[in-house]
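Chains as they are written, first to last, in the numbering used here: chain Y, 1 to 118; chain X, 119 to 232.
Take a look at the structure:
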C-alpha cells in the first residue's frame, strides 16, 4: 500500500536559514507527489507537485522539491526562510487503485509544523 | 473569489445528535471530497465524489454519509455523533478526477462531540 512518511513533526529554523522538510514515500507504481501548506486556521493550499516531467519541481514562494527515485524521497526545500513561512506542511502521494495505476485521491503524511525564529 | 465554502465553521454536539456539514464550490469543479484532520494524523479521506451523481468511500467512512446534491454542493452527515468524530473537517474540490489534479480546500469546520 502507498504511504508517505514525514520525518519530524516539528522543525524550527531561523529567519534566513535553509528550510528542509523531509518526505519519503512508498508506492509500487510511479507516484504522483504533492506538497501542501496549511497556514493557521486555513485550509490547505498546493505548494507544488511532481508528475514525472522533471525531477526538480519549483513551487510557489521559492519552495522546491526534488524527486529521488533511488531514495524514494521528495524533500521540500527553501533557501531562505521567512517569518511568513511558519505553517504546517503536508506531503501527499496519489493512492494506488486496486487494478494498478494511480487514483485521483491522495494519501497525506502526518504533517510537519515549521516554526521560524526571528 | 469564494472558492470552496463550508458551513458551519464551528459546531458542538452531544453524543447521539445528528448534523450535516455543508460544502459548496463555485469553480465548476467535477470532483469533491471530505477529509478529517486529527492532531498527528494528517488528513484522512472520508468520502469523495468523482463526478456529479457518484460517491465513494474513502479511508474512514464509518459513521458518515454524504450527498452530492448537484455539481456545486457536497454535504457530509453524521447520523449519530460520537466523541471519536471530534475533528476538523475539510471539504475540497478539483476540476476533474485524476492523479494530477490540484485540490482546493475550504477553511474547515471544527466539530466537538461531547
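Just so it is clear, CB atoms sit at the ideal spot from N, CA and C, and this is done for glycine as well.
Proximity test, Cβ basis, 8 Å: residue i and chain Y
i	result
residue 72 of chain X	In the structure as shown, chain X starts at 119 and stops at 232, and residue 72 of chain X therefore has no counterpart that could be examined.
residue 182 of chain X	no
residue 130 of chain X	no
residue 231 of chain X	no
residue 163 of chain X	yes
8 Å Cβ cutoff met for residue i and residue j
i	j	result
residue 151 of chain X	residue 209 of chain X	yes
residue 196 of chain X	residue 181 of chain X	yes
residue 81 of chain Y	residue 37 of chain Y	no
residue 224 of chain X	residue 111 of chain Y	no
residue 149 of chain X	residue 212 of chain X	yes
residue 90 of chain Y	residue 187 of chain X	no
residue 127 of chain X	residue 227 of chain X	yes
residue 2 of chain Y	residue 109 of chain Y	no
residue 73 of chain Y	residue 32 of chain Y	no
residue 194 of chain X	residue 176 of chain X	no
residue 83 of chain X	residue 231 of chain X	Since the first and last residues shown for chain X are 119 and 232, residue 83 of chain X lies out of range.
residue 199 of chain X	residue 155 of chain X	no
residue 184 of chain X	residue 173 of chain X	yes
residue 118 of chain Y	residue 18 of chain Y	no
Chain-ordered chain Y contacts of residue i [CB-CB under 8 Å]
i	result
residue 224 of chain X	43
residue 208 of chain X	43, 44
residue 176 of chain X	105
Minimum Cβ-Cβ distance from residue i to chain X less than 8 Å
i	result
residue 39 of chain Y	no
residue 21 of chain Y	no
residue 26 of chain Y	no
residue 105 of chain Y	yes
residue 94 of chain Y	yes
Partners in chain Y for residue i, counting only beta-carbon separations shorter than 7 Å
i	result
residue 159 of chain X	110
residue 213 of chain X	Those do not exist, as residue 213 of chain X stays about 11 Å from chain Y at its closest Cβ, beyond 7 Å.
Other residues of its chain near residue i: CB distance less than 6 Å, five sequence neighbours each side excluded
i	result
residue 129 of chain X	229
residue 113 of chain Y	10, 88
Same chain, Cβ closer than 8 Å to residue i, five either side skipped, listed in chain order
i	result
residue 71 of chain Y	24
residue 58 of chain Y	48, 64
residue 115 of chain Y	10, 11, 12, 13, 86
residue 190 of chain X	142, 143, 144
residue 222 of chain X	121, 122, 143, 145, 147, 210, 211, 212
residue 51 of chain Y	32
residue 131 of chain X	137, 196, 199, 229, 230, 231, 232
Close beta carbons around residue i, own chain, < 7 Å, minus the five adjacent residues each side
i	result
residue 20 of chain Y	75, 77
residue 15 of chain Y	81, 82, 83, 116, 117, 118
Residues that residue i contacts on chain X, provided the C-beta gap is smaller than 9 Å
i	result
residue 9 of chain Y	158
Min CB distance residue i to chain B below 8 Å
i	result
residue 51 of chain Y	The chain inventory of the structure shown lacks chain B, comprising the protein chains Y and X.
Chain Y contact residues for residue i, given Cβ-Cβ distances below 9 Å
i	result
residue 220 of chain X	34, 46, 49
Check: residue i C-beta below 7 Å from any heavy atom of the ligand ATP
i	result
residue 162 of chain X	Annotation note on the ligand ATP: not contained in the displayed structure, which lists no ligands.
Beta carbons nearer than 9 Å to chain X: which residues of the stretch 77 to 90 of chain Y have them?
In summary, the residues of the stretch 77 to 90 of chain Y whose CB is separated from some CB of chain X by less than 9 Å are 90, in the order they occur in the chain.
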